[in-house]
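Colleague: Residue numbers (this note's numbering): 1020 to 1150.
Virtual Cβ for every residue (Gly too), placed ideally from N, Cα, C.
Values in this document were obtained by computation on a predicted structure and should not be read as measured data.
Following this message is one structure expressed as structure tokens.
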């Protein structure tokens, strides 16, 4: 007999997702459980992180797109976000690669592969050269 799940009353499926019901039946945590438990375990570390939203800086660049009045201005914004070097995309790539390396060092190749998965094509310029 399995131990009772702390977030699940036996035979009470009202309001439960399919994942919750299946996880209870298989005696395993749900993805939400894992995220909540990880957040709890990392709460001290989380408190030391910067308080700003990580996506906030990209929101500022999105606002610049609305201000652009020409393709050249839009291209300037796009290059800052998508271009080579220290662009937003470049920094995001560096973050994902660093996370993948961390997972490899900690013997989690499946997660490392997920962080290394990138789209096949990524625009580097809004203004394409004539063909």
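Give the C-beta separation of residue 1089 and residue 1099 to the nearest angstrom, bearing in mind that I take them to be a contact with Cβ-Cβ under 8 angstroms.
Modeller: As a working note, residue 1089 is residue 70 in the chain shown. As a working note, residue 1099 is residue 80 in the chain shown. Their Cβ separation, rounded to whole angstroms, is 16 angstroms, which puts residue 1089 and residue 1099 out of contact at 8 angstroms.
Colleague: Figure out for me which residue from 1063, 1111, 1036, 1086 has the closest Cα to the Cα of residue 1051.
Modeller: If you number the chain shown from 1, residue 1051 lands on position 32. Here the closest residue by C-alpha is 1036.
Colleague: Tell me the rounded alpha-carbon separation between residue 1142 and residue 1046.
Modeller: Sequence index remark: in the chain shown, residue 1142 carries index 123 (1-based). Sequence index remark: in the chain shown, residue 1046 carries index 27 (1-based). With a pLDDT of 45 at residue 1142, under the threshold of 50, the modelled position of that residue is not reliable, and no figure is offered here.
Colleague: Going by C-alpha to C-alpha distance, which of 1064, 1054, 1127, 1110 sits closest to residue 1077?
Modeller: For the purposes of this step, residue 1077 is identified with residue 58 of the chain shown, where counting begins at 1. Answer by Cα proximity: 1110.
Colleague: Here's the rule I'm using: 16 or more other beta-carbon atoms within 10 Å means buried, otherwise exposed. How should residue 1119 be labelled?
Modeller: For this step, residue 1119 is matched to residue 100 along the chain shown. Result: buried.
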